[in-house]
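Here's the structure we're looking at; comments come further down.
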Amino acid sequence: AAGLELLGFSTYFGARIPGLSLPLVAVVDFMGFRLICESVLPIDNATLVYGSSDGGKHVHKSNKDFSLMMESAGQHLGLGPQRAGKRRKKLWAATDVEGHIGRDRRFYVIDLARAMPPVPPQTVPLAGEEGVTEQQHLQRSLLCRHFRPELVQHYAALYCPMRPGAYSSFIADDEDRETYERQCMAAVKYLQEKMVSKVFENMYWTMQELSVTTEDPYGELHVPMSLHKFGVNLRYLGLVCKYLRTGAVRSNQRALAGLVPVLVVLYTEALARVLKRR
Numbered sequence: 145a146a147g148l149e150l151l152g153f154s155t156y157f158g159a160r161i162p163g164l165s166l167p168l169v170a171v172v173d174f175m176g177f178r179l180i181c182e183s184v185l186p187i188d189n190a191t192l193v194y195g196s197s198d199g200g201k202h203v204h205k206s207n208k209d210f211s212l213m214m215e216s217a218g219q220h221l222g223l224g225p226q227r228a229g230k231r232r233k234k235l236w237a238a239t240d241v242e243g244h245i246g247r248d249r250r251f252y253v254i255d256l257a258r259a260m261p262p263v264p265p266q267t268v269p270l271a272g273e274e275g276v277t278e279q280q281h282l283q284r285s286l287l288c289r290h291f292r293p294e295l296v297q298h299y300a301a302l303y304c305p306m307r308p309g310a311y312s313s314f315i316a317d318d319e320d321r322e323t324y325e326r327q328c329m330a331a332v333k334y335l336q337e338k339m340v341s342k343v344f345e346n347m348y349w350t351m352q353e354l355s356v357t358t359e360d361p362y363g364e365l366h367v368p369m370s371l372h373k374f375g376v377n378l379r380y381l382g383l384v385c386k387y388l389r390t391g392a393v394r395s396n397q398r399a400l401a402g403l404v405p406v407l408v409v410l411y412t413e414a415l416a417r418v419l420k421r422r
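The sequence shown runs contiguously to residue 422 in the working numbering.
In structure tokens form, the structure reads like this:
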């Protein structure tokens, strides 16, 4: 969650919305623990003007200027509006993203761990989740498995914006809720069928170039950056490896030996991440 919070802040910061402020944020890894540190802001429950701070019981949208800023941010990021709460207020962010007008009169947005739409939740628990009920697993999935901002922007430009509140009970009264879920399912299918191949092509030709221009191409090919560039999460690393090993890909390559260095880098990254979890 700390990593997603940092990614959310980075994404909104990159949107460069005039007048919209964010706290200073850092993620600290120490002796197996991960903490997120944020600067103290001049805000409290009384300064809340957008979103909800109590699990959707009360949804705020009381300041026109702030609402316009969030709409601009949502459009820039490839997000669409959704209706939240019993009064079905139109929000351009997840319901639990909070907007405040601080005591210094600045406009702040916080709690951005769910800034991006969720990947359709899996019903089968993953390794390390033994004993977790299906409902608990679904809730965890919504909190920690989201689309990358690069994919959301790309998909919105080609097809339609996605909603960060999809699959959430916060928008249970939105009559288009099922449409939002279908959009997420279509987006993950697009990611798996289209973007994974783009990752392969980029990594393959980058490795070819590095083999000529550098002495250590294995150390220069950055796997996370290669995937994130196309909006592909690192959890799809196995899918990229599988794509590289299919007959269709091999038959289209002039030099099959060029696949081996890419596979070595991918398998090394995958092994390192598995060992990190142990």
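A virtual CB, placed ideally from N, CA and C, is assigned to each residue, including glycine.
Could you please give the first and the last residue of the uninterrupted beta strand (DSSP E) stretch that includes residue i?
i       : result
His-244 : 242-245
Arg-85  : Beyond the ends of the chain as shown, which are 145 and 422, falls residue 85; an answer cannot be given.
Lys-233 : 233-235
Ala-228 : 226-228
So who's on the other strand from residue i, going by DSSP bridges?
i       : result
Leu-148 : Its beta-bridge partners do not exist; DSSP assigns none.
Phe-251 : Leu-164, Ile-245
Arg-178 : Asp-173
His-220 : DSSP lists no partner for His-220.
Leu-192 : His-244
Pro-262 : His-290
Is it true that the CB of residue j sits closer than 8 Å to the CB of residue i?
i       : j       : result
Met-339 : Gly-382 : no
Gly-246 : Ile-187 : yes
Leu-388 : Leu-378 : no
Gly-218 : Trp-236 : yes
Ala-159 : His-220 : yes
Gly-163 : Phe-251 : yes
Met-213 : Pro-261 : no
Glu-294 : Ala-310 : no
Val-169 : Leu-150 : yes
Got a sec, what are the start and stop residues for the alpha helix (DSSP H) residue i sits in?
i       : result
Leu-371 : 367-372
Val-203 : Segment: none, Val-203 is in no alpha helix (DSSP H) and carries neither H nor E.
Gly-382 : 381-388
Pro-361 : 361-364
On the premise that residue j lies in contact with residue i, defined as a C-beta separation below 8 Å, what is that separation, rounded to the nearest angstrom?
i       : j       : result
Val-253 : Arg-289 : In fact, because the Cβ distance is near 22 Å, the residues do not count as touching under 8 Å.
Val-203 : Ala-228 : 5 Å
My parser needs the alpha helix (DSSP H) runs of 4 or more residues fully inside the region 296-347; what are they? When DSSP assignments are scanned along the region 296-347, the uninterrupted stretches of alpha helix (DSSP H) that are 4 or more residues long and fall wholly within it turn out to be 321-334.
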